[in-house]
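Take a look at the structure below.
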Amino acid sequence: MSYHASRRTLLAAAALAAVTAGGAASVARGSRPTPGQPRPVPDDPGPAPDDPRPGDRPPGPERAARLLGRMTLEEKVGQLFVSRAYGHSATDPDPADAEKNLAQFGVRTAAELVSRYHLGGVIYFAWAQNTRSPHQIAELSNGLQRAAAATGAGVPLLLSTDQEHGIVARIGKPATLLPGAMALGAGRSTAAARRAGRIAGTELASMGVRQDYAPVADVNVNPANPVIGVRSFGADPRAVAGLVAAQVRGYQGAGVAATAKHFPGHGDTETDSHVGLPVMRHTRAQWEELDEPPFRAAVAAGVDAVMTAHIVFPALDPSQDPATLSHPIVTGILRERLGFRGVVVTDALDMAGVRQKYGDDRVPVLALKAGCDQLLNAPDLALAQRAVLAAVAAGELSEARIEESVLRILELKARRGLFADPYTSAERVDAATGTAAHLAAADAIAAGTTTLLANPDKLLPLDPGAAPRLLVTGTDPASPSGTTGPPTSVLARELTALGCRASAVAPARAVAAAPGHAAVLVCTYNVPDGESPQHTLVTELLATGVPVVVVAIRNPYDPARLPRCAAELATYSWTDVELRAAARVITGVARPAGRLPVPVPGRYPLGHGLAYG
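Residue numbers (our numbering): 747 to 1359.
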């Protein structure tokens, strides 16, 4: 089936909203779990005992005016910027990281970066060596907050990261890794989504991270979308809206600012905005029906922040400016139509999607003129700040406009408790991160997400009591966080722990090794249309006569691009928690409970999911 036909199928399915309204179906109360199966996730019980306090009240007009009154223009402009910084320590980075800081910022340490540029926030990345372990992250956070406290204004930092879970996770084990958005969409439980947000927020707060760039509010109606995909809760806008609102309440109930992204909607694009400038072709009516509901739900849930998308959306703004730089979109729609009064943060300003039309000196100025507040990860921080200051000096931006954004940022920091206490401790990390209760909850949430797509001959569930010999092969993508996997080995290990005799082999050896096994399980990852090594592997395994089970460990669209097999499952990610859940379903220890949150064109409709009879 062609891409355009697939896209039309998905748009129609999303418009019909074939799954339960709002995605609010949750695990039935009082139901007994199968032995060995994680207990179902209850409806959200309210604040957990280990949740941090949400923080003190936002500063009133007088207090905010006092804060602004003692800040220089340079300090106010600095508050608008959230930047990367290299190194695991605020003051003692590894020499290679110190050299990167020096080359890009003119300073050697993250603490000096905060001081020189009067930063309002720092974003953590694994590739910047910021996220090696929870205790190290907490020490880095404290060091950065001490640097901020020592500046003239003394305003605490808003420390942030992209911890979406699933396929985007900057912080790995021993922190709890949870199912990602599309897995939660398959589970259809707002209680589970809220609990996942609460757990994630609690652990982030214990490390000093008080803003998460999650949840993704994009409605994925394009199977060829190269950047969103399983980061979305699904293709049904009502279901996505319910899950987005639940996650917002979960994160913020744990004291962490949630950030709904990527406004006005990135779910039907063909280009990755990291490397190009996508164009959204939806009409205004389609936007209102498909893309708007999750963002409206996030605003109604009190979301602290909304992140813009670097996409052109002609139906909303014919200027061909990316949404991040569009006054009609940021101010006209997000502020005025949706009534959002919180912080608008740009997607990263080093992405190609926002840099193609204007230079790096113009982008931050135009983003502020559009109505944005936080400017994220400028490629040249010094140039960006000079450009904003020059725009104020020239009268293109007023100082009052700068103060408007600074006030929103100060209010957010106060709401998240940073003026009351910006620091954390090793004791808080130990009490909150990777606890037995959180790990058990992650398994319980994952238990409701694995989707059984096909089982025509009732091959599944396999009987672990018979100790079947199983071969596990396929693709082994790198772990999203660098701390789990490889997936074929994890799946084989989990199946063995449940009573099977499973071994993992490389694809090159799988066909020769298959005879004599009860089944071959093939982990697939982003199978393309047409001939491919993954298609060839499945075809050759089928020719051996051994039953083949496809386990789509990322996109659920994979089975439609492969020959039909004895069984097909979707896990939506390949971290250990999803693979443990899949192993329990394969062996019948757990019942398959997930339903497709997106249609698989040419194969399965939205809401499809089999059960064991």
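Don't be surprised by glycine CBs; every beta carbon is placed ideally from N, CA and C.
Contact check, residue i vs residue j, beta carbons under 8 Å
| i | j | result |
| --- | --- | --- |
| valine 976 | asparagine 1301 | yes |
| asparagine 847 | glycine 867 | no |
| glycine 954 | asparagine 876 | no |
| valine 1404 | alanine 1328 | Summary: the structure shown does not reach residue 1404, with the chain confined to residues 747 through 1359, and so no result is reported for it. |
| glycine 1001 | alanine 951 | yes |
| alanine 1003 | glutamine 957 | yes |
| isoleucine 1057 | proline 1024 | yes |
| valine 1052 | leucine 1080 | yes |
| glutamate 1240 | leucine 1325 | yes |
| histidine 1012 | aspartate 1063 | no |
| valine 1273 | histidine 1281 | yes |
| proline 880 | valine 1175 | yes |
| proline 1010 | tryptophan 1033 | yes |
| glycine 1105 | valine 1076 | no |
| alanine 831 | leucine 859 | yes |
| alanine 991 | alanine 1044 | yes |
| serine 1319 | isoleucine 1299 | yes |
| alanine 1313 | leucine 1206 | yes |
| proline 1074 | alanine 1006 | no |
| proline 1226 | isoleucine 913 | yes |
Of the listed residues the options, nearest to residue i (C-alpha basis)
| i | options | result |
| --- | --- | --- |
| lysine 1103 | Ala937, Gln1066, Glu1038 | Gln1066 |
| glycine 926 | Pro1214, Val1268, Thr1195, Ala1313 | Thr1195 |
| leucine 1208 | Lys1115, Leu1112, Val1331 | Val1331 |
| threonine 1270 | Thr1077, Arg1307, Cys1246 | Arg1307 |
| leucine 865 | Phe871, Ser906, Glu821 | Glu821 |
| threonine 855 | Pro839, Ile869, Ala970, Ala1312 | Pro839 |
| alanine 874 | Ala836, Thr897, Gly898 | Ala836 |
| phenylalanine 1086 | Arg1154, Ser1072, Leu1129 | Arg1154 |
| glycine 1355 | Thr1197, Leu1267, Ala1313, Gly1276 | Thr1197 |
| valine 1100 | His1020, Glu910, Asp1304, Ala857 | His1020 |
| tyrosine 1303 | Ala1357, Asn966, His881, Ala1312 | Asn966 |
| arginine 1310 | Phe851, Asn1201, Thr1015 | Asn1201 |
| alanine 1336 | Glu845, Ala1357, Val1344 | Ala1357 |
| threonine 922 | His911, His1073, Ile1299 | His911 |
| glutamate 1035 | Ser906, Pro983, Leu1129 | Pro983 |
| histidine 1263 | Asn968, Val1218, Gly1228, Ser1225 | Val1218 |
| alanine 849 | Leu1135, Leu1127, Glu1286, Ala1312 | Leu1127 |
| tyrosine 1169 | Leu886, Thr1179, Val1284 | Leu886 |
| glycine 1180 | Thr897, Glu1150, Thr948, Asp1203 | Thr948 |
| tyrosine 863 | Ile883, Ala884, Leu903, Ala872 | Leu903 |
| glycine 857 | Ser829, Pro969, Ala842, Cys1246 | Correcting the residue type first, residue 857 is alanine in the shown sequence and not glycine. That would be Ser829, whose Cα lies nearest to the Cα of alanine 857. |
| leucine 1122 | Thr1317, Ala1188, Ser906 | Ser906 |
| threonine 1054 | Val1089, Arg1083, Pro1223 | Val1089 |
Cβ-Cβ separation, residue j to residue i (assumed contact under 8 Å), whole Å
| i | j | result |
| --- | --- | --- |
| threonine 1092 | glutamine 1120 | 7 Å |
| glycine 1353 | arginine 1341 | 5 Å |
| alanine 1259 | valine 1251 | 5 Å |
| phenylalanine 827 | alanine 1124 | 7 Å |
| aspartate 908 | tyrosine 959 | 5 Å |
| alanine 1133 | aspartate 1107 | 4 Å |
| glutamine 825 | valine 1152 | 5 Å |
| alanine 1098 | leucine 1071 | Alanine 1098 to leucine 1071, Cβ: 14 Å. No contact. |
| leucine 1199 | proline 1305 | 6 Å |
| isoleucine 1148 | glycine 933 | Contact flag wrong, Cβ pair sits at about 43 Å. |
| alanine 1265 | leucine 1283 | Not confirmed; about 15 Å, so no contact. |
| query | Can we say the stretch 1227-1238 touches the stretch 1173-1185, given the rule of at least three CB pairs closer than 8 Å? | reply | no
| Inter-stretch contact at 8 Å, needing at least 3 Cβ pairs: the stretch 940-950 / the stretch 1344-1352 | no
| Considering only residues of the stretch 919-953, which uninterrupted alpha helix (DSSP H) runs meet the minimum length of 4 residues and lie entirely inside it, listed in chain order? | Taking 4 residues as the minimum length, the alpha helix (DSSP H) runs contained wholly in the stretch 919-953 are 927-933, 936-952, in order along the chain.
| said: Taking contact to mean 3 or more Cβ pairs, one atom from each stretch, closer than 8 Å, check whether the stretch 1282-1295 and the stretch 1158-1166 are in contact. | reply: no
| task | For the stretch 987-995 and the stretch 1041-1055, state whether three or more C-beta atom pairs, one from each stretch, are separated by less than 8 Å. | result | Taking one beta carbon from each stretch, the stretch 987-995 and the stretch 1041-1055 have 3 or more pairs nearer than 8 Å; the two touch.
| Should the stretch 1031-1042 be called in touch with the stretch 972-989, which here means at least 3 C-beta pairs below 8 Å? | yes
| said: For the pair the stretch 1135-1142 and the stretch 1016-1034, tell me if three or more CB-CB distances fall below 8 Å. | reply: no
| field | 3 or more residues per run - each beta strand (DSSP E) lying fully within the stretch 1155-1223 | value | 1197-1200, 1215-1220
| request: Ignoring anything shorter than 4 residues or poking outside the stretch 825-887, list the alpha helix (DSSP H) runs there in chain order. | output: 841-851, 856-863
| Which runs of the beta strand (DSSP E) spanning at least 3 residues fall entirely within the stretch 1026-1093, listed in chain order? | 1051-1054, 1089-1091
| field | Continuous alpha helix (DSSP H) assignments of at least 4 residues falling wholly in the stretch 1239-1286 | value | 1253-1259
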